[in-house]
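Working notes, beginning with the structure itself.
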């Protein structure tokens, strides 16, 4: 009965996932927005399905605070970092005006008062390198009023223009032109080169449509099928298209943009061009999208697609490290797994391939490449390559509010190595007494005399078993060490795993908040980052990130629990 119940449960989960993907495919098939994006766009991001309103409302709770930080950063950049050319300065002033209009309006009601939709669909794509944005709106007149207020705030009064039956605003940015238009369903914004404005404007406004669009091919359906994206937001950056653009080999509108921006094709020999193209083909595209969405959580995935050869190397890059990548509810965990000999061999193989493909290329210095390969052998020496990875877990960290030093630490560090005893021997470089430690090989912990280094150091134990070394503080050292040695192995093994609980971190930092702020006073970037973390911690709970080598390439998975 238990087995039958489990089978039914798994089948139900599978059916639910299949239905979600089918709904995503249907939404892509019916998407009106994709018809505006040329099939040869070098980048695109869109949501074919409205993002669930309940989760959007939760995410917007933090948006006002983020906008406040953004406004301060923009003002600081405008005041202290005058930009050249002038277009960049003007764009920052324009962005500042937009941010000011959105502040205090980051809610369903607030956005609707501006004519915008909290659950609308949108499209961002590129004509050449320049962006075009098309987003669903609720009330065209309110959006027109919003744009008028942005003009007034920025002091950048647009020229009112007309193309056919479509009116639009034109912002003169010298070499570039900013376009904003409101249709009965969409807000359209774009940057165009002034020299190609007349040719590209009908395409941007929708008066004419691309000869072949993303709605005409299977690109997005295949994207969903290959990656399990759900239609709530996915896209890609096509590095091959970008390389064609940089080399002056684009066609159609992309070529027109390149020419209008006074682009000069890279002055490379045929051998160098071939080498560059081969390199780009080995990492042709980066994709990303939502893979799970619920009322209280969401998951994202990004894939750096690679050639089969590189993907094979990536899959061999991460040796298994006990506990690494296994879900946990610690305050903070960080782990890395690297087969260093494999990494060394992969880097050398890549350099050799470049030297073979680029023989005679003026960009390539064979002597320098040879010296770099010799340097790799020195860096990846036997002492280093025996280390396979580590897994650090911090369960709790209590600071002394008087001096901002930890007065209690509950943590565990597992180090995977071919010879963990030789690694423990390195401690002797810190203090000669560490070399006198008698550490059993059965995993029994012994005290590490850190008081030799610091009188305030917490009681710390070290243990060794098989091919792992464990260091623990706080709690029962024997139980913690035994659990660490027996921790399961994730499959496939991640290269990098990070987990952190925003609420727990914020709680511990709050006790020393005054000291932290005092120590970073005057560093505007640090202050902004710290305040941003505090604000976001009110919305976000547990966050997990995994980086894994797969048959697709390098995959980065992120899952987020909301508070």
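Numbering (this note's numbering), first residue to last: 38 to 600.
Positions of the beta carbon are idealized from the N, C-alpha and C atoms, including for glycine.
Worksheet entry | Cβ pair residue 193, residue 312 closer than 8 Å | no
Practice prompt. Spell out a yes or no on whether the region 363-382 and the region 520-535 are touching, meaning 3 or more CB-CB pairs, one atom from each, closer than 8 Å.
Written response: Look at the beta carbons and you see the region 363-382 touching the region 520-535: at least three pairs across the two are nearer than 8 Å.
Worksheet entry | Proximity winner among 406, 445, 382, relative to residue 393 (alpha-carbon distances) | 406
Worksheet item: Is the region 281-295 close to the region 159-171, with three or more CB pairs under 8 Å?
Response: yes
Worksheet entry | Anticipated Cβ contact below 8 Å, residue 171 with residue 73, distance rounded | 6 Å
Discussion item. What does the Cβ neighbour count give for residue 663, buried or exposed, with the cut at 16 atoms within 10 Å?
Written reply: Any answer about residue 663 is impossible in this case: the structure gives the chain only from 38 up to 600.
Worksheet item: What's the call for residue 370, buried or exposed, on a 16-neighbour Cβ count within 10 Å?
Response: buried
Item to complete: Determine the contact status of residue 591 and residue 343, defining contact as a CB-CB distance below 8 Å.
Response: yes
Worksheet entry | Member of 546, 156, 474 whose CA lies at the smallest distance from the CA of residue 437 | 546
Fill in: Span of the alpha helix (DSSP H), counted from its first residue to its last, around residue 415
If you look at residue 415, you'll find it in the alpha helix (DSSP H) that goes 403-416.
Discussion item. By the three-class DSSP mapping on this structure, what secondary structure does residue 333 have?
Written reply: coil
Item to complete: Give me the Cα-Cα distance between residue 286 and residue 305, rounded to the nearest whole angstrom.
Response: 13 Å
Worksheet item: residue 86 by DSSP, collapsed to three states: which one?
Response: Correct three-state label for residue 86: coil.
Practice prompt. Report yes if the C-beta distance between residue 226 and residue 212 is below 8 Å; otherwise report no.
Written response: no
Discussion item. The alpha helix (DSSP H) that contains residue 473, what's its start and end?
Written reply: Note, residue 473: premise wrong, no alpha helix (DSSP H); not H, not E.
Worksheet item: Among residues of its own chain, excluding the 5 on either side of residue 310, which ones have a beta-carbon nearer than 8 Å to its beta-carbon?
Response: 284, 303
Worksheet item: Can you name, in chain order, every residue of its own chain whose Cβ lies under 6 Å from the Cβ of residue 360, other than the five neighbours on each side?
Response: Excluding positions up to five away in sequence, the list reads 428, 524.
Worksheet entry | Assigned secondary structure, residue 18 (DSSP; H/G/I helix, E/B strand, else coil) | A question about residue 18 goes unanswered here, because the residues of the chain that appear run from 38 up to 600.
Worksheet item: Going by other Cβ atoms of all chains shown within 10 Å of its Cβ, with 16 needed for buried, is residue 444 buried or exposed?
Response: It counts as exposed.
Worksheet item: How many whole angstroms separate the CB atoms of residue 218 and residue 242, which I take to be in contact at a CB cut-off of 8 Å?
Response: 6 Å
Discussion item. Can you list, in chain order, the residues of its chain with a C-beta nearer than 8 Å to that of residue 528? Leave out the 5 residues immediately preceding and following it.
Written reply: Contacts found: 357.
Worksheet item: Under the rule that 16 or more other beta-carbon atoms within 10 Å means buried, what is residue 461, buried or exposed?
Response: buried
Fill in: Cβ-based burial, residue 368 [other Cβ within 10 Å; buried from 16]
buried
Practice prompt. Taking all protein chains shown into account, decide if residue 307 is buried (16 or more other Cβ within 10 angstroms of its Cβ) or exposed.
Written response: Burial call: exposed.
Worksheet item: What are the residues that DSSP puts in a beta bridge with residue 502?
Response: 479, 505
Worksheet item: Residue ranges of each beta strand (DSSP E) run of no fewer than 3 residues wholly in the region 221-280, ordered along the chain?
Response: 223-230, 271-275
Discussion item. Can you find the residues in the same chain that come closer than 6 Å, C-beta to C-beta, to residue 514, ignoring five residues on each side of it along the sequence?
Written reply: 482, 498
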